Amino acid sequence: MTAYLFTAGQPGLDLVVRSGGEMRLSNFRLWPAAFAGFYACDVYWPDFAREQFFQALEAYESLELRFGGHSPSPPDPLP
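Add 4 to the 1-based position in the sequence shown for the numbering used here, that's all there is to it.
The structure is reproduced here in C-alpha cells:
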C-alpha cells in the first residue's frame with residue numbers, strides 16, 4: 005500500500021509535532037503517522053523555537069515504544 009503514496013520510498017515518521025494547541029492530525033499523513041509519537045503544544049508554529057523542539061524530543065524519549073505489541077500483564081497477586 006505504501007508504494008502508492010506520494011511519500012513512497014521515504015522512511016516513516018517517528019514524531020508528529022502539532023503546534024497551536026490542536027490535538028488532531030487533520031488528515032495530515034495519516035498512514036505514515038500511524039505508529040509515530042504525537043506531541044502537542046500550545047505554542048503557535050511561528051513561535052516554535054529550539055526550546056519547544058527539545059521539549060518535544062524529551063517527550064518522545066519518554067514514550068514506551070512497543071512496536072505493535074503490548075505491555076506484559078502484571079502478575080496475578082493470588083496463587
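Heads up, the beta-carbon is just placed ideally off N, CA and C, and yes, glycines get one too.
Only a predicted model underlies this, so the values are computations on that prediction, with no experimental measurement involved.
Residues near residue i in its chain [Cβ-Cβ closer than 6 Å; skip 5 each side]
i      : result
Asp-46 : Gly-25
Val-20 : Ala-37, Ala-40, Phe-42
Gly-16 : Pro-36
Ala-44 : Arg-22, Met-27
8 Å CB neighbourhood of residue i in its chain, flanking five on each side removed
i      : result
Thr-4  : With the chain covering only 5 through 83, there is no way to say anything about residue 4.
Tyr-48 : Ser-23, Gly-24
DSSP beta-bridge partners of residue i
i      : result
Leu-9  : According to DSSP, Leu-9 bridges with nothing at all.
Ala-44 : Arg-22
Given residue i as reference, the closest of the options once Cα atoms are compared
i      : options                       : result
Leu-69 : Ala-7, Asp-18, Gly-13, Arg-28 : Asp-18
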